[in-house]
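Novice: Just so you know, my numbering puts 107 at position 59 of the sequence shown, and the rest follows in order with no gaps.
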Amino acid sequence: MITVIYFWKVKPKFVPIAIFYMAIHRRAVRKFPGVKFAKLLGTGKGITFTPLDASALRWGILLTINKSDLNKFEQSSIIKSWQRIANSSYTAKLKPISSHGFWSKQQPFEIEDTPWQGDGKIVAITRARIAWLQNIKFWRAVPPVTNSLHNSPGLIAAIGIGEAPIGLQGTFSIWQDSASLRNFAYKGEAHSRAITATAENEWYSEELFARFALLAESGELL
């Protein structure tokens, strides 16, 4: 199995088509041969990580698929349709290193028994289903963490991702190495306070945090 994430940027005139693709491709991606897990994603600009951050100009697909079926998927009408309307794209092929929690009641990323010993760039994906009555409290807590993230040594890029702009929040970030990500996640004061507040206030009804080795990437994310 391999995890792959695709992002496409579109011009404003193609936004209605992108929304249409998000509707018709949902089932097609999930039913594609070899796909174990798949999500079609909207994105945020990565500035505030709140609903105000949502961007209609960038869309994505995240999937876990058998390696033997990946080439067929990348040659499929699903990918080609996005390529036709995109003015830029980004693809990352990922090897899961660790994953904690659930996404839609699933554990989507398979971790090999042999610990990852490599070095190089690391990708982090977070996803949370925010308890409905906790949305406002959650968004109020976001700015300090966002400032800490953007000022973190080793951060290459970060954007918001999610199946919906409200209630289903996530991030996709790329880091120079594992140490940089660990320093932000576990040593940063703002992030540590947010972790504590999450547990105390029960902000999430479901959450996931996963780390990946970045095996290959192409295109432009930002």
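By construction, the Cβ of each residue, glycine as well, lies at the ideal position given by its N, Cα and C atoms.
1. In or out: G166 buried (at least 16 other Cβ within 10 Å) or exposed?
2. What does the alpha-carbon distance come out to for the pair L118 and K61?
3. Report, in whole angstroms, the separation of the C-beta atoms of I159 and W223, which I expect to be a contact under 8 Å.
4. Just to check my reading of the structure: L203 and S228 have Cβ atoms closer than 8 Å, yes? What is that Cβ distance to the nearest angstrom?
5. Given P81, which residues of its chain have a CB within under 6 Å of its CB, disregarding the five upstream and five downstream residues?
6. Check F62 in the structure and name its three-state DSSP category.
7. Are I53 and L142 closer than 9 Å when you measure CB to CB?
8. What does the Cβ neighbour count give for K57, buried or exposed, with the cut at 16 atoms within 10 Å?
9. Which residues does DSSP list as the beta-bridge partners of A102?
10. Could you give the distance in angstroms between the alpha-carbon of T5 and the alpha-carbon of G210?
11. With DSSP collapsed to three states, give me the class of W130.
12. The alpha helix (DSSP H) with A227 in it runs from where to where?
13. Can you tell me the Cβ-Cβ gap for I126 and V77, rounded? I've got them flagged as a contact below 8 Å.
14. Have a look at K59 and A104 and give me their C-alpha separation to the nearest angstrom.
15. So A86 packs on I109, CB below 8 Å; how close in whole Å?
16. A258 and T139 - do their beta-carbons sit closer together than 9 Å?
17. With L118 as the anchor, note down where its alpha helix (DSSP H) starts and where it stops.
18. Among D101, L111 and K93, which has the Cα closest to the Cα of H73?
19. My understanding is that L269 touches I178, with C-beta atoms under 8 Å, so please give their C-beta distance in whole angstroms.
20. Which first and last residues belong to the beta strand (DSSP E) in which T174 is found?
21. Starting from G323, trace the beta strand (DSSP E) in both directions and tell me its first and last residue.
22. What does the alpha-carbon distance come out to for the pair Q131 and S147?
Specialist: Checking against the coordinates, here is how it stands:
1. Residue mapping note: residue 166 aligns to position 118 of the sequence shown, counting from 1. Note on G166: under 16 other CB atoms within 10 angstroms of its CB, so exposed under the neighbour-count rule.
2. For the purposes of this step, residue 118 is taken as the residue at position 70 of the sequence shown. For the purposes of this step, residue 61 is taken as the residue at position 13 of the sequence shown. If I take the Cα positions, the gap works out to 30 Å.
3. Translated into the one-based positions of the sequence shown, residue 159 becomes position 111. Translated into the one-based positions of the sequence shown, residue 223 becomes position 175. So it is not a contact: roughly 19 Å between Cβ atoms.
4. In the sequence shown, residue 203 corresponds to position 155, counting from 1. In the sequence shown, residue 228 corresponds to position 180, counting from 1. With a Cβ gap of about 7 Å, L203 and S228 count as contacting.
5. Residue numbering aside, residue 81 sits at position 33 when the sequence shown is read from its first letter. Answer for P81: D117, listed in chain order.
6. Residue mapping note: residue 62 aligns to position 14 of the sequence shown, counting from 1. Under the three-state reduction of DSSP output, F62 falls in the helix class.
7. If you number the sequence shown from 1, residue 53 lands on position 5. If you number the sequence shown from 1, residue 142 lands on position 94. Between I53 and L142, the gap from beta carbon to beta carbon is short of 9 Å.
8. Taking the first residue of the sequence shown as 1, we reach residue 57 at position 9. It counts as buried.
9. Position 54 of the sequence shown, counted from the first residue, corresponds to residue 102. In DSSP, A102 forms a bridge with G92.
10. With the chain represented from 49 up to 270, any question about residue 5 goes unanswered, as that position is not in the structure.
11. Residue numbering aside, residue 130 sits at position 82 when the sequence shown is read from its first letter. Assigned with DSSP and collapsed to three states, W130 falls in helix.
12. Sequence index remark: in the sequence shown, residue 227 carries index 179 (1-based). Counting along the chain, the alpha helix (DSSP H) containing A227 begins and ends at S226 to R230.
13. Position 78 of the sequence shown holds residue 126. Position 29 of the sequence shown holds residue 77. With a Cβ gap of about 6 Å, I126 and V77 count as contacting.
14. Residue mapping note: residue 59 aligns to position 11 of the sequence shown, counting from 1. Residue mapping note: residue 104 aligns to position 56 of the sequence shown, counting from 1. Taking the straight line joining both Cα atoms gives about 9 Å.
15. Your numbering for residue 86 matches position 38 in the sequence shown. Your numbering for residue 109 matches position 61 in the sequence shown. That belief holds up - the Cβ atoms of A86 and I109 are roughly 7 Å apart, short of 8 Å.
16. Mapped onto the sequence shown, residue 139 falls at position 91. Mapped onto the sequence shown, residue 258 falls at position 210. No; because the gap between Cβ atoms is not below 9 Å, this pair is not in contact.
17. For the purposes of this step, residue 118 is taken as residue 70 along the sequence shown, with counting starting at 1. Where L118 is concerned, the enclosing alpha helix (DSSP H) stretches over K115 to E122.
18. Counting from 1 along the sequence shown, the entry for residue 73 is found at position 25. Among D101, L111 and K93, the Cα nearest to that of H73 belongs to L111.
19. The residue labelled residue 269 in the question sits at position 221 within the sequence shown. The residue labelled residue 178 in the question sits at position 130 within the sequence shown. L269 to I178, Cβ: 25 Å. No contact.
20. Mapped onto the sequence shown, residue 174 falls at position 126. Under the DSSP assignment, T174 falls in the beta strand (DSSP E) whose first and last residues are I170 to I178.
21. Summary: the structure shown does not reach residue 323, with the chain confined to residues 49 through 270, and so no result is reported for it.
22. Here residue 131 refers to the residue found at position 83 of the sequence shown. Here residue 147 refers to the residue found at position 99 of the sequence shown. Those two C-alpha atoms are separated by around 30 Å.
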